[in-house]
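Protein chains: 6
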Amino acid sequence: MRKQVKTGIVGLDEMLSGGLLEGSTTLVKGAPGTGNTTLGMQFLHSGITDEDERGLLVSFEEFPFSLHRDALSLGWDLRKLEKEERLRLIFTSPRIFLASLQSPESPLNLTIQEWDIRRLVLDSISHFTRMTRDPKELRQIYNRVINGLKREGITSILTSEDSGTGLSTEEKGRLSFIVDNIILTRYVEIDSSMQRALLVLKTRGSDHAKEIRRFKLREGGIVVGTKFEGREALLSGSPRAIAPGR
Amino acid sequence: MRKQVKTGIVGLDEMLSGGLLEGSTTLVKGAPGTGNTTLGMQFLHSGITDEDERGLLVSFEEFPFSLHRDALSLGWDLRKLEKEERLRLIFTSPRIFLASLQSPESPLNLTIQEWDIRRLVLDSISHFTRMTRDPKELRQIYNRVINGLKREGITSILTSEDSGTGLSTEEKGRLSFIVDNIILTRYVEIDSSMQRALLVLKTRGSDHAKEIRRFKLREGGIVVGTKFEGREALLSGSPRAIAPGR
Amino acid sequence: MRKQVKTGIVGLDEMLSGGLLEGSTTLVKGAPGTGNTTLGMQFLHSGITDEDERGLLVSFEEFPFSLHRDALSLGWDLRKLEKEERLRLIFTSPRIFLASLQSPESPLNLTIQEWDIRRLVLDSISHFTRMTRDPKELRQIYNRVINGLKREGITSILTSEDSGTGLSTEEKGRLSFIVDNIILTRYVEIDSSMQRALLVLKTRGSDHAKEIRRFKLREGGIVVGTKFEGREALLSGSPRAIAPGR
Amino acid sequence: MRKQVKTGIVGLDEMLSGGLLEGSTTLVKGAPGTGNTTLGMQFLHSGITDEDERGLLVSFEEFPFSLHRDALSLGWDLRKLEKEERLRLIFTSPRIFLASLQSPESPLNLTIQEWDIRRLVLDSISHFTRMTRDPKELRQIYNRVINGLKREGITSILTSEDSGTGLSTEEKGRLSFIVDNIILTRYVEIDSSMQRALLVLKTRGSDHAKEIRRFKLREGGIVVGTKFEGREALLSGSPRAIAPGR
Amino acid sequence: MRKQVKTGIVGLDEMLSGGLLEGSTTLVKGAPGTGNTTLGMQFLHSGITDEDERGLLVSFEEFPFSLHRDALSLGWDLRKLEKEERLRLIFTSPRIFLASLQSPESPLNLTIQEWDIRRLVLDSISHFTRMTRDPKELRQIYNRVINGLKREGITSILTSEDSGTGLSTEEKGRLSFIVDNIILTRYVEIDSSMQRALLVLKTRGSDHAKEIRRFKLREGGIVVGTKFEGREALLSGSPRAIAPGR
Amino acid sequence: MRKQVKTGIVGLDEMLSGGLLEGSTTLVKGAPGTGNTTLGMQFLHSGITDEDERGLLVSFEEFPFSLHRDALSLGWDLRKLEKEERLRLIFTSPRIFLASLQSPESPLNLTIQEWDIRRLVLDSISHFTRMTRDPKELRQIYNRVINGLKREGITSILTSEDSGTGLSTEEKGRLSFIVDNIILTRYVEIDSSMQRALLVLKTRGSDHAKEIRRFKLREGGIVVGTKFEGREALLSGSPRAIAPGR
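Chains as they are written, first to last, in my numbering: chain L, 6 to 251; chain C, 6 to 251; chain A, 6 to 251; chain G, 6 to 251; chain Z, 6 to 251; chain W, 6 to 251.
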């Protein structure tokens with residue numbers, strides 16, 4: 006059995022029966038505000054502080070500064086970690102990233118090797134859809150990205166901007182079928198409030214909890230709570246209350 | 006922790022646990038008549054009267070006079086504020102606004118600096134969809150707009166004409182993923198009446214109330230009420246009553 | 006506070022807390038047979054008989070005679086009113102109307118001035134969609150029409166052929182965001198019968214009743230009744246009965 | 006008040022508070038097998054036998070013989086009526102029909118005048134969609150057809166092949182807004198059986214019953230029954246039973 | 006009254022109040038595995054063994070042998086019937102079939118006449134959609150096929166590959182409006198099992214049972230059972246249980 | 006009656022009343038993570054170890070190594086089986102596979118004959134959609150594939166990447182109508198957890214269980230459990246609880 010990599014999010018590691026398989030790629034899909042980027046940063050931060058593993062965050066985010074600010078508000082000082090050379094942030098474009106990933110001598114690959122990067126977050130993989138409209142070409146791009154990441158046995162998290170509801174994994178390029186693991190984050194309306202729900206939809210080569218669990222964004226990051234009770238059709242976003250009698 | 010900017014709408018500031026982060030961009034999406042423009046005007050008016058911060062309202066609205074009239078009916082005399090040089094109204098086109106925002110010497114930027122503008126409302130950002138049909142180009146336009154606004158650390162509200170229901174943030178240019186905060190206004194059918202509902206869907210770098218709350222448009226502006234009770238699937242627009250037993 | 010113009014439909018004027026703002030444009034959207042044209046005619050007829058204000062009805066209707074016939078069946082003799090020069094009917098095409106509206110010397114504008122027209126009905130604005138397929142151009146057309154009407158401070162009702170259900174205001178040219186007021190008429194299935202429902206969705210610069218009310222077409226015109234009881238999801242067109250216990 | 010023309014279908018004439026307005030055009034929309042053609046034939050047959058008015062049936066039907074056969078199975082001998090020169094059947098194409106309708110000297114118009122045709126059935130108007138894909142052009146075609154029929158004051162029934170459910174009148178050419186009256190026939194699932202439902206959706210210039218009523222196809226034609234009880238959302242095709250308590 | 010042709014499926018003949026009208030065309034629509042082909046084969050087999058009428062099966066099926074195998078598994082030895090010259094199987098393409106049908110001297114037509122074919126099954130008519138993308142042309146093709154079959158007074162069953170649910174008969178070429186009879190087969194989820202449901206949606210010139218009935222595929226063919234009880238919205242595929250109280 | 010081939014999955018063989026017909030093609034459709042590939046591997050593994058039948062796995066999978074890893078995690082050492090020449094893995098492209106299948110002398114066909122291959126898994130057939138956008142051409146490709154497999158009487162399982170829910174078998178190329186058997190795997194939300202559901206939708210030439218059953222992925226492979234109780238609309242993915250009373 007291969008080594009497992011803790012995400013550092015207690016409840017999630019539980020759900021993953023230990024963590025993510027080393028060298029696996031994990032897709033984290035969710036609506037805006039459901040905390041995909043936070044989940045990725047926490048994965049890196051935990052690797053650095055708990056496992057002393059250096060982390061690499063590749064961001065296609067249009068506003069670099071907001072990443073630092075968001076991290077700070079969660080209690081993580083990214084600049085400090087960068088100064089200590091335990092974290093590396095790369096702000097680039099999908100096209101450049103793909104090119105670097107494929108040229109062994111690129112700064113990216115040199116960093117990966119010299120720094121012995123074990124954990125990588127790509128925020129967000131949705132930006133690759135800007136490179137082409139052809140689903141076949143997009144699928145090839147995804148394959149190249151994932152191949153490049155697997156080559157070095159890196160455990161990576163790919164965030165995905167997903168506005169949908171429910172289970173639907175319909176997407177150009179069939180990314181969901183290529184990645185090893187899928188984590189869904191959703192908004193669920195409960196008692197006239199929006200709550201965040203988290204679900205492990207798929208893990209390759211190991212079993213996982215099937216529960217749909219609450220989670221919160223707090224200082225310190227994501228806190229996974231208990232599963233929902235007395236509701237059905239949670240993934241629709243508008244669950245129904247179940248009569249106690251039932 | 007960075008300073009927070011009060012919207013001046015009591016219930017909403019509560020939900021935002023204090024207000025909007027200074028320098029953040031907030032998307033206010035809602036159907037016609039749900040009060041997006043009012044929310045923006047109240048944000049400016051409160052800044053002027055409560056915080057003595059000058060405000061700038063950029064409107065792509067086809068009928069300038071209706072803005073003044075609507076404000077008056079809510080008890081706000083915009084012309085007076087303009088005369089006192091505490092408020093500046095600019096009626097322009099998306100194309101001109103974008104160009105001015107990018108040329109440092111433009112009247113727009115001069116106003117922003119000379120007047121030391123801290124609060125800006127853009128009514129409505131939907132008009133940028135008139136500039137292109139290409140989602141990639143639209144996303145770039147949105148980025149330029151938001152970059153331009155953030156450059157000066159302006160706290161801005163972008164209203165969005167949104168005819169949809171539910172949570173769906175599907176939109177050309179993925180605006181929802183670029184802005185810092187999202188506020189949704191919706192119509193909800195309760196007891197054979199249409200009520201207005203307000204929801205903070207996302208705030209960057211801080212937590213916020215998840216409740217779906219009633220609100221009213223009154224003289225003086227928006228008044229946020231309590232959350233809805235005994236209903237489920239509010240965001241569908243046609244909620245279901247829940248049996249008390251449940 | 007500006008003067009309000011009574012529609013002459015008692016229940017509706019109540020819902021509008023007095024009537025329509027003078028000089029405002031009101032969109033009346035509804036499925037075929039829900040009485041949009043009737044509402045417009047009643048608005049004009051009441052202006053003539055109750056307020057002694059002359060009215061102008063611009064119709065793009067393919068069958069002029071049916072307009073007279075329908076009016077008669079409701080008890081209104083349009084020909085008589087025309088003879089008395091208290092009502093003017095113009096049967097024209099969208100293109101010609103738009104051109105006339107923009108040329109000050111056009112018969113249309115002369116009529117408006119010489120007759121001192123205060124109330125105008127356009128039946129139906131949907132016909133403008135026949136002029137272009139480009140949403141941007143359509144929006145400009147709508148703006149020109151509404152600007153033209155507002156120039157003279159005319160209070161106008163624009164009927165719209167709307168086959169949809171629910172609240173959706175999705176439409177080419179975003180008309181709903183340009184007009185001042187929106188009234189929706191709908192069919193609702195109650196006790197195996199189709200009933201007509203009326204709703205004020207939006208009024209600019211004033212509050213309005215949010216109730217969904219029954220209405221009937223009678224000799225004498227529209228009679229607005231009470232709101233619906235014991236049903237939810239009325240706007241879906243297929244409401245659910247609510248158990249009395251709830 | 007203008008004369009009313011009985012359809013000869015007892016329950017339906019009731020629902021129409023007497024019948025169809027003389028000279029009006031009625032759209033009968035329904036799914037295959039719901040009896041639209043039967044309704045039209047019964048209208049003609051009743052005119053001939055009860056009112057001694059000659060009838061004209063224009064059919065675009067691909068299989069003339071099936072019309073005769075269907076009529077026979079309902080107890081109507083069309084050939085006999087043709088021999089007696091009380092009924093005229095014309096099998097033609099949409100294009101030819103439209104051309105004839107517009108040329109005063111065409112056999113069609115001569116028949117209409119010489120025979121003094123008061124009742125006409127067009128089966129089915131959906132075939133005109135085969136003439137063009139342009140909605141504007143289609144609307145003009147519909148207008149020409151209906152104008153042609155109204156010119157002579159003919160009371161006409163236009164059947165329409167409609168596969169939809171519910172109330173939706175979405176259609177190319179906006180036919181529903183041009184005709185005077187609309188009758189919908191639908192399938193409704195009740196107690197694991199398909200029942201036929203009939204509904205008068207719109208009548209111009211007169212009121213009508215709003216009930217959704219059962220109907221059957223029997224020897225002798227359509228028999229309209231009582232309205233449905235204890236069900237809601239009938240028009241969805243899959244109604245819900247309502248608890249007696251409610 | 007014309008002669009009726011038994012399908013040989015007891016329950017179905019009941020529902021058809023005797024059988025199919027001689028010379029009529031029947032569309033059998035259903036999802037894969039719901040037994041459309043079986044229904045057709047049983048119709049032919051019953052004709053041969055019970056009525057001593059020869060049958061013709063025209064198949065566009067890609068795998069001839071599977072037809073023989075499926076028949077065998079149901080207890081029907083097609084090869085034997087072919088040897089006895091009581092059944093004729095023709096495996097061909099839509100294009101060739103259409104051409105032969107229209108040339109009087111074609112082997113197909115010669116067979117039909119020499120063999121005095123009374124019953125024909127076309128499996129499946131969906132394959133004609135492969136001949137054109139133009140709905141008008143498709144409708145003409147359907148008309149030619151059905152005309153060709155009716156010319157000889159053949160009673161025919163046309164199977165249709167239909168993946169939909171519910172009643173929707175939306176289809177290119179409006180086949181449902183051209184055929185005489187429509188039989189729908191559906192899957193229905195009851196008590197966590199998939200059951201087969203059968204429904205006669207339309208019969209031309211005669212009445213029919215409206216029930217939605219269970220059916221099974223057994224050795225010997227289709228066995229139609231009782232109608233469903235205590236469920237509503239069967240045709241949705243996901244029926245709701247009805248409380249006994251109701 | 007022809008021989009049946011056990012899948013080696015106890016519950017599934019039960020549902021298939023013994024197994025798959027020898028020489029048949031089975032489509033296994035499911036969402037990512039529902040275990041389609043596992044089902045195929047187990048079918049091969051069981052053939053090798055229980056029936057001493059050699060197996061061939063053709064994979065279009067982008068990451069060969071993950072196949073080995075996944076198998077290992079389920080307790081199957083594919084490399085060992087390959088060394089023992091009891092299993093053959095071929096990683097290729099849709100285009101090459103199709104070409105080889107059609108050339109008798111291709112390594113693929115030689116392997117099939119020399120190894121006397123009885124069981125084959127194609128993972129996944131969805132990749133053929135990458136070869137063309139034309140549904141007709143796709144259907145021909147599917148036919149060639151399935152013909153090629155049937156020629157040798159091979160019993161084959163074709164996995165299909167399916168992101169849908171419910172029963173819908175809508176797909177380009179109408180694959181569902183060509184294959185002999187269809188097995189659906191689905192996610193179902195029960196008590197705030199995602200459970201895996203398995204369903205035999207269609208088997209050619211034999212009956213099968215209609216139940217919707219739970220299944221789990223364990224070391225050793227798929228374990229099929231009991232059917233679901235007290236729920237309706239399972240295939241919607243969001244089932245409703247049924248009151249015990251019902």
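Don't be surprised by glycine CBs; every beta carbon is placed ideally from N, CA and C. For clarity, every value in this text was computed on a predicted model and none was experimentally measured.
### Query
In whole angstroms, what is the alpha-carbon distance linking Val33(A) and Arg219(A)?
Their Cα atoms are separated by approximately 16 Å.
### Task
Could you tell me how far apart the beta carbons of Arg100(G) and Met136(G) are, in whole angstroms, since I believe they sit closer than 8 Å?
Beta-carbon to beta-carbon, Arg100(G) and Met136(G) are separated by about 6 Å, close enough to satisfy the 8 Å threshold.
### Query
Is it a yes or a no for the region 194-212 of chain Z touching the region 230-242 of chain Z, going by three-plus beta-carbon pairs under 8 Å?
The region 194-212 of chain Z, when compared against the region 230-242 of chain Z, does touch it at the 8 Å Cβ threshold.
### Task
Can you grab the Cα-Cα spacing for the pair Ile217(G) / Ser181(G), in whole Å?
If I take the Cα positions, the gap works out to 19 Å.
### Query
If we ignore side chains and look at the alpha-carbon of each, how far apart do Thr153(G) and Lys11(G) end up?
Reading off the sequence, residue 153(G) comes out as Gly, not Thr. Whole-angstrom Cα-Cα distance: 22 Å.
### Task
State the start and end residues of the unbroken alpha helix (DSSP H) segment that holds Lys215(A).
Per DSSP, Lys215(A) belongs to no alpha helix (DSSP H) and is neither H nor E.
### Message
Which residue marks the beginning of the alpha helix (DSSP H) containing Glu56(W), and which one marks its end?
### Response
Unbroken alpha helix (DSSP H) run through Glu56(W): 41-56.
### Query
To which residues does DSSP link Ser165(A) through a beta bridge?
Beta-bridge pairing links Ser165(A) to Lys34(A).
### Message
I'd like to know if Ala248(W) contacts chain L, where contact means its C-beta is closer than 8 Å to some C-beta of that chain.
### Response
Chain L contact via Cβ: present.
### Query
Excluding five sequence neighbours on each side, which residues of the same chain lie with their C-beta closer than 8 Å to the C-beta of Ser108(Z)?
Result list for Ser108(Z): Asn114, in chain order.
### Task
Express the C-alpha separation of Asp196(L) and Glu234(C) in angstroms, rounding to a whole number.
Approximately 7 Å between the Cα atoms of the pair.
### Query
In its own chain, which residues sit with a C-beta less than 8 Å from the C-beta of Arg245(L), not counting the 5 before and 5 after it?
Cβ neighbours of Arg245(L) beyond the five flanking positions: Arg236, Glu237, Ala238.
### Nearest-angstrom Cα separation, counted from Leu77(C) out to Thr231(L)
Thr231(L) and Leu77(C): Cα-Cα distance of roughly 50 Å.
#### Entry: Cross-strand partners of Leu77(A) (DSSP beta bridge)
Residue pairing from DSSP leaves Leu77(A) without any beta-bridge partner.
### Task
Kindly give me the distance between the Cβ atoms of Ala248(C) and Ala214(L), rounded to whole angstroms, as I take these residues to be in contact under 8 Å.
Contact between Ala248(C) and Ala214(L) does not hold, since their C-beta atoms are separated by about 31 Å, which reaches or exceeds 8 Å.
### Query
Using 8 Å as the threshold, is the region 13-26 of chain W in touch with the region 136-150 of chain W, meaning 3 or more CB pairs across them?
Because the criterion of three Cβ pairs below 8 Å is not met, the region 13-26 of chain W and the region 136-150 of chain W do not touch.
### Query
What does Ser241(W) touch in chain Z if you count any residue whose Cβ is under 7 Å from its own?
Within 7 Å Cβ-Cβ: Ser243.
### Query
Excluding the five sequence neighbours on either side, which residues of its own chain have a C-beta within less than 6 Å of the C-beta of Val184(A), listed in chain order?
If we look at Val184(A) and ignore the five residues flanking it on each side, its Cβ neighbours are Thr30, Leu32.
### Task
Determine the direct distance from the alpha carbon of Pro37(A) to that of Arg251(C), and round the result to whole angstroms.
In this prediction, Arg251(C) scores a pLDDT of 43, lower than 50, which makes its location untrustworthy; no coordinate-derived value is stated.
### Positions along the region 187-220 of chain W whose CB lies within less than 7 Å of some CB in chain Z
So the close ones are Ile187, Leu204, Leu206, Lys207, Arg209, Gly210, Ser211, Asp212, Lys215, Glu216, Ile217.
### Task
Determine, using beta carbons only, whether Thr116(W) and Asn41(W) come nearer to each other than 8 Å.
No, Cβ-Cβ distance for Thr116(W) and Asn41(W) is not below 8 Å.
### Query
Excluding the five sequence neighbours on either side, which residues of its own chain have a C-beta within less than 8 Å of the C-beta of Ile122(W), listed in chain order?
The answer, listed in chain order, is Arg59, Gly60, Leu61, Arg93, Thr116, Glu157, Ile159.
#### Entry: Coil, strand or helix - Phe182(L) by DSSP
Helix, per DSSP.
### Message
Quick check: is the beta carbon of Pro140(Z) nearer than 8 Å to any beta carbon in chain W?
### Response
Chain W, which has no Cβ nearer than 8 Å to the Cβ of Pro140(Z), makes this no.
### Message
Tell me the residue span of the beta strand (DSSP E) that contains Thr231(Z).
### Response
226-232 is the span of the beta strand (DSSP E), which, as asked, contains Thr231(Z).
### Message
Going by DSSP in three states, Thr116(C) sits in which element: helix, strand or coil?
### Response
Thr116(C): helix per DSSP, three-state reduction.
### Query
List, in order along the chain, the chain E residues whose C-beta lies closer than 7 Å to that of Leu222(W)?
Protein chains in the displayed structure are L, C, A, G, Z and W, and chain E is not among them.
### Query
For Arg223(Z) versus Thr39(Z), is the C-beta spacing smaller than 8 Å?
Not in contact: Arg223(Z) and Thr39(Z) (Cβ atoms no closer than 8 Å).
### Query
So what does DSSP say about Leu21(C), is it helix, strand or coil?
Three-state DSSP puts Leu21(C) in coil, outside helix and strand.
### Task
Answer with yes or no whether the minimum CB distance from Met20(C) to chain L is below 8 Å.
No, Met20(C) lies away from the interface with chain L (no Cβ there is under 8 Å from its Cβ).
### Task
Please compile the residues from chain A whose C-beta is within a distance smaller than 9 Å of the C-beta of Ala238(G).
Those within 9 Å of Ala238(G) in chain A are Glu194, Ser241, Gly242, Ser243, Pro244, Arg245.
### Query
In the DSSP assignment, what are the bridge partners of Leu94(W)?
Per DSSP, Leu62(W).
### Task
Quick one: give me the first and last residue of the beta strand (DSSP E) that Ser198(W) is part of.
In the DSSP assignment, Ser198(W) falls within the unbroken beta strand (DSSP E) covering 198-207.
### Ser181(W) at chain Z interface by Cβ criterion, 8 Å
Yes, contact with chain Z.
### Task
Note down the Cα distance separating Asp212(W) from Gly24(W), rounded to an integer number of angstroms.
Looking at the two C-alpha atoms, the distance is approximately 11 Å.
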